[in-house]
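Student: Dropping a structure here in structure tokens format, bear with me for questions.
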Amino acid sequence: MKILKPKQIIVALDFDSIEEVNSVVRLLNPDIYRLKVGKQLYASEGPKILENLNKKGFDIFLDLKLHDIPNTVYKALKNLLNHKVWMTNIHLLGGEDMIQAAREAKEDTKSKAFLIGVSVLTSLSKKNIRNMGFNIEISELVKILSFSASKNNIDGVVCSAIEVPDIKENLGEDFITVTPGIRIQQENDDQSRVATLKEATKNGSDYIVLGRELTASKNIAKMIKKVESYII
Numbered sequence: 010m011k012i013l014k015p016k017q018i019i020v021a022l023d024f025d026s027i028e029e030v031n032s033v034v035r036l037l038n039p040d041i042y043r044l045k046v047g048k049q050l051y052a053s054e055g056p057k058i059l060e061n062l063n064k065k066g067f068d069i070f071l072d073l074k075l076h077d078i079p080n081t082v083y084k085a086l087k088n089l090l091n092h093k094v095w096m097t098n099i100h101l102l103g104g105e106d107m108i109q110a111a112r113e114a115k116e117d118t119k120s121k122a123f124l125i126g127v128s129v130l131t132s133l134s135k136k137n138i139r140n141m142g143f144n145i146e147i148s149e150l151v152k153i154l155s156f157s158a159s160k161n162n163i164d165g166v167v168c169s170a171i172e173v174p175d176i177k178e179n180l181g182e183d184f185i186t187v188t189p190g191i192r193i194q195q196e197n198d199d200q201s202r203v204a205t206l207k208e209a210t211k212n213g214s215d216y217i218v219l220g221r222e223l224t225a226s227k228n229i230a231k232m233i234k235k236v237e238s239y240i241i
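Positions 10 to 241 (this note's numbering) are the ones given, in order, by the sequence shown.
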């Protein structure tokens with residue numbers, strides 16, 4: 010079944026070194042996939058990893074989830090946006106002043122990168138957020154944070170595929186949803202609010218993040234072929 014568009018899939022490069030990255034990236038077509046560089050890889054390789062992947066023709070989602078006082082986020086994001094990235098993010102729990110500072114950093118750098126906000130990590134369960142002091146349902150917390158992002162002209166949110174339909178209904182089709190915790194086939198992992206590729210596309214996810222199920226597979230080429238069987 011053809012349910013995915015080219016470049017709708019973002020592959021998470023959860024590695025420690027450029028050598029590990031290259032072992033996977035050499036199998037990926039930049040006309041089909043985008044790549045996500047998170048804290049693990051960025052802490053190890055720094056900005057040079059962005060240059061390396063850009064030279065290979067990939068769009069980069071720089072996933073550092075900035076969450077700090079507004080001035081620090083403003084300055085950090087300005088520095089990050091000096092690099093060529095397609096998308097980057099902040100954590101929406103940083104509050105509206107921080108969100109506004111991030112938006113201003115994007116405006117001041119005249120960056121065309123998408124700036125999105127992380128709502129509730131897909132590893133968190135209802136019990137987890139209650140232990141953090143949130144006495145509301147996860148879906149309600151995601152909705153509150155997503156409205157805050159939209160109100161402050163952030164381009165979209167990172168959320169679970171479960172929450173996408175409600176976000177799209179309330180904030181419109183142009184408000185971007187990026188969904189991690191997506192499985193090519195259903196299996197157990199350390200993320201609580203997960204979905205399959207078919208479920209994520211049915212729910213309207215704009216961009217789908219695939220991680221260890223693909224990159225840690227014993228047969229990556231076979232798994233890539235399976236993913237590409239879904240692409241239009």
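Ideal Cβ positions, reconstructed from N, Cα and C, are used throughout, including at glycine.
1. Using the three-state DSSP reduction, which class does residue 232 fall into: helix, strand or coil?
2. Beta carbon of residue 151, beta carbon of residue 129: below 7 Å?
3. For the 8 Å Cβ check, are there 3 or more pairs between the stretch 73 to 92 and the stretch 150 to 164?
4. Ignore the nearest five residues each way along the sequence and tell me which others in residue 221's own chain have a CB closer than 7 Å to its CB.
5. What three-state label does DSSP hand residue 25 in the structure shown?
6. Taking a contact to mean a Cβ-Cβ separation below 7 Å, would you say residue 76 touches residue 92 in this structure?
7. Taking its Cβ as the centre, do 16 or more other Cβ atoms sit within 10 Å of residue 234, making it buried, or is it exposed?
8. Just mark residue 106 as buried or exposed, buried being the case when its beta carbon has 16 or more other beta carbons within 10 Å.
9. Name the residue from 168, 194, 180 whose alpha carbon lies nearest to the alpha carbon of residue 161.
10. Contact between the stretch 109 to 122 and the stretch 37 to 51: three or more CB pairs below 8 Å?
11. Locate the alpha helix (DSSP H) running through residue 80, then write down its first and last residues.
Tutor: Let me spell this out:
1. Along the sequence shown, read from residue 1 onward, the residue named residue 232 stands at position 223. If DSSP states are grouped into helix, strand and coil, residue 232 belongs with the helices.
2. As a position in the sequence shown, residue 151 is number 142, starting the count at 1. As a position in the sequence shown, residue 129 is number 120, starting the count at 1. Yes, they are a contact pair.
3. Flag = no, the stretch 73 to 92 and the stretch 150 to 164 do not touch.
4. Within the sequence shown, residue 221 is the residue found at index 212, counting from 1. Excluding sequence neighbours, residue 221 sits near 23.
5. By 1-based counting over the sequence shown, the position of residue 25 is 16. Secondary structure at residue 25: coil, using DSSP grouped into helix, strand and coil.
6. As a working note, residue 76 is residue 67 in the sequence shown. As a working note, residue 92 is residue 83 in the sequence shown. Residue 76 is not a Cβ neighbour of residue 92, given a cutoff of 7 Å.
7. The residue labelled residue 234 in the question sits at position 225 within the sequence shown. That one is exposed.
8. On the sequence shown, residue 106 is found 97 positions in, with the first residue counted as 1. Classification for residue 106: exposed.
9. Numbered from its first residue, the sequence shown carries residue 161 at position 152. Residue 180 is the option with its Cα nearest to residue 161.
10. Taking 8 Å as the limit for Cβ pairs, the verdict is that the stretch 37 to 51 does not touch the stretch 109 to 122.
11. What you label residue 80 is simply residue 71 of the sequence shown in a count that begins at 1. In the DSSP assignment, residue 80 falls within the alpha helix (DSSP H) that extends over 79 to 89.
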